[in-house]
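Written out below as structure tokens is the structure these notes cover.
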Amino acid sequence: MPFVLDRPRSQEKVGESLMFIEDIKLTNYRNYSNLTMSFENKVNVILGENAQGKTNVMESIYVLAMAKSHRTSNDKDLIRWDEEYGKIEGRLQKRNGPLSLQLVISKKGKKAKSNHLEQPRLSQYIGNMNIVMFAPEDLNLVKGSPGIRRRFIDMEIGQVSAIYLYDLNQFNKILQQRNHYLKQLQTKKQHDKTMLEVYTSQLIEVASKIVVKRYEFLKLLQNWAEPIHHGISRGLETLKIQYNPSIDVSEDIELSKMVEVYEEKFAKIREREIERGVTLAGPHRDDLSFFVNGRDVQTFGSQGQQRTTALSLKLAEIELIQSEIGEYPILLLDDVLSELDDYRQSHLLNTIQGKVQTFVTTTSVEGINHETLKQAATYNVTEGEMTKLK
Ligand SMILES: Nc1ncnc2c1ncn2[C@@H]1O[C@H](COP(=O)(O)OP(=O)(O)OP(=O)(O)O)[C@@H](O)[C@H]1O
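Residue 1356 is where the sequence shown starts when you use this note's numbering, and the numbers rise one by one after that.
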């Protein structure tokens, strides 16, 4: 089943190719005052002691792509201390030509440019550059809180669907207004319930679209992740991904039916929502489960199975983006190689070899003997300065 892509640039899909970053320029970004660095279109290993700025570089690439950080929701943290603004610039090569991206973060907000043109909507800007990041936090994807899994799914769909990001933004705004209204009803600052009906129907319209798209995306992800997981587990394990909605629907439900189910649900929980002062159903309360050989990995999986699941999902994302966009994304492996055993490390490095531009951070390459890393371009980071070693 083809995924409903809505980005204009992704029309022709021919063969395999990779997008890659040629260079990055950071101005007042975290502990970098000024950095300009060129990269290779293969594997780039960034070495350095703790707290020198390795993750900051990875984060800057992530932020350039996604217009937000993977480790803070406070954009001001990204600006170098005592400075007014921070800037990330990057030049990329893509199948259909060069692309330059720029993101300026100031205390007033973010401004993005793509090929020197101001982008009024970040939901349109995101997706120009596709990335997959694998960091130690991702090992919590299975075990951690539902919010981590929702964030994972939202970020991934957002890269291939601008409409999804737009809907998600709308949803969050309506949710906030609705929650505020419910709170007022709860505390009796407000008695008229008319506006609640308005917010509810607005919420249902956009919530239904989000959940339908999540189902579509997960079906695709499942198709990629299952054989990958099978391979990493040496043919012993079958991975299944399950979406757990906060309403009673199944994966093949149509949009109009989903709207009906939400309407019934909200009518039923109306008094409870007012009592609690909060919205109790919607995509913000949904979750994912992962099953290995029929058992829930979150409850029954070993740590190794949880790692394999997280790795399979990341590798599946790489393939999914390639199949949807027609180009391999850029892979960011932040301090994660040392967290994987030899077999999983080799599997990962064999998979990316030669086809994905990859950034790897580590304090040392000792103990990682894979050919891919021996041939990699290497850089050193010390106190916010980066130099190329080979
Ligand atoms: N806004 C900021 N302005 C200036 N410096 C900052 C800012 N935010 C973080 N830093 C500095 O950046 C450094 C941390 O860098 P980073 O997180 O990239 O470490 P790292 O090299 O990845 O280390 P580790 O291996 O421990 O993860 C710290 O010295 C921290 O004080």
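Glycine included, each C-beta is placed from N, C-alpha and C at the ideal position.
In this text the structure is predicted, and so the values were computed from the model without any measurement.
If contacts are defined as beta-carbon pairs under 8 Å, then residue 1521 and residue 1739 qualify, I think. What distance do you get, rounded to the angstrom?
The pair is not a contact, with the Cβ atoms about 36 Å apart (cut-off 8 Å).
Any idea if residue 1453 is buried or exposed, counting beta-carbon neighbours within 10 angstroms, 16 or more meaning buried?
exposed
Which ranges does the beta strand (DSSP E) cover as unbroken runs of at least 3 residues, wholly within the segment 1428-1486, from first to last along the chain?
1440-1449, 1452-1461, 1464-1469, 1472-1474
Residue environment, residue 1438, which counts as buried when at least 16 other CB atoms sit within 10 Å:
exposed
Is any non-hydrogen atom of ligand 1 found closer than 7 Å to the C-beta of residue 1399, if you look at the structure I gave you?
no
Residue range of the unbroken alpha helix (DSSP H) whose run includes residue 1376:
Unbroken run through residue 1376 is the beta strand (DSSP E), 1375-1384; no alpha helix (DSSP H).
Should residue 1406 be counted as a contact of ligand 1 given a C-beta to heavy atom distance under 7 Å?
yes
Other residues of its chain near residue 1730: CB distance less than 8 Å, five sequence neighbours each side excluded
1397, 1398
Let me know if residue 1391 comes out buried or exposed under the rule of 16 or more other beta-carbons within 10 Å of its beta-carbon.
exposed
How many Å lie between residue 1487 and residue 1612 at the Cα?
34 Å
Exposed or buried, which one is residue 1649 when buried takes at least 16 other CB atoms within 10 Å?
exposed
Can you say whether residue 1363 is buried or exposed, counting buried as having 16 or more other CB atoms within 10 angstroms of its CB?
Legend: pLDDT at residue 1363 = 41, less than 50; position of this residue unreliable, no value from coordinates given.
Under 8 Å, with one C-beta from each stretch per pair, do the segment 1613-1625 and the segment 1636-1646 reach the 3-pair mark?
yes
Got a sec? Which residues, its chain only, sit under 7 Å from residue 1733 by beta carbon, not counting five neighbours each side?
1400, 1402, 1744, 1745
Considering only the alpha carbon of each residue, which of 1598, 1687, 1456, 1671 lies closest to residue 1715?
1687
Contact defined as beta carbons within less than 8 Å: I believe residue 1433 pairs with residue 1460. What is the distance between those atoms, to the nearest angstrom?
5 Å
Count the other CB atoms, across all protein chains shown, that sit within 10 Å of the CB of residue 1519; report buried if there are 16 or more and exposed otherwise.
buried
Find out if the Cβ-Cβ distance for the pair residue 1530, residue 1564 is shorter than 8 Å.
no
Could you pull out every unbroken alpha helix (DSSP H) segment of at least 4 residues lying fully inside the segment 1514-1573, listed in chain order?
1517-1541
Report the option in 1462, 1435, 1598, 1535 whose CA atom is closest to the CA atom of residue 1501.
1598
Can you confirm whether residue 1461, when its beta carbon is compared against all beta carbons of chain B, has any partner nearer than 8 Å?
Annotation note: the requested chain B is absent from the structure, which comprises a single protein chain.
Under the rule that 16 or more other beta-carbon atoms within 10 Å means buried, what is residue 1566, buried or exposed?
buried
Determine whether the beta carbon atoms of residue 1700 and residue 1497 lie at a separation below 8 Å.
no
Specify, as a first and last residue, the run of the beta strand (DSSP E) that residue 1743 falls within.
1740-1743
Scan the segment 1573-1616 and note each continuous beta strand (DSSP E) run of 3 residues or more that stays entirely inside, going in chain order.
1594-1599
Does DSSP classify residue 1686 as helix, strand or coil?
strand
Going straight from the alpha carbon of residue 1485 to that of residue 1683, what length do you get?
8 Å
Comparing alpha-carbon positions, which option in 1724, 1718, 1506 lies nearest residue 1406?
1718
Less than 8 Å between C-beta atoms, sequence neighbours within five positions excluded: which residues of the same chain meet that for residue 1608?
1567, 1570, 1616
State the CB to CB distance for the pair residue 1629 and residue 1541, rounded to an integer number of angstroms; the pair is presumed to be in contact (CB under 8 Å).
6 Å
Nearest neighbour of residue 1462, chosen from 1532, 1450, 1431, 1492 [CA to CA]:
1431
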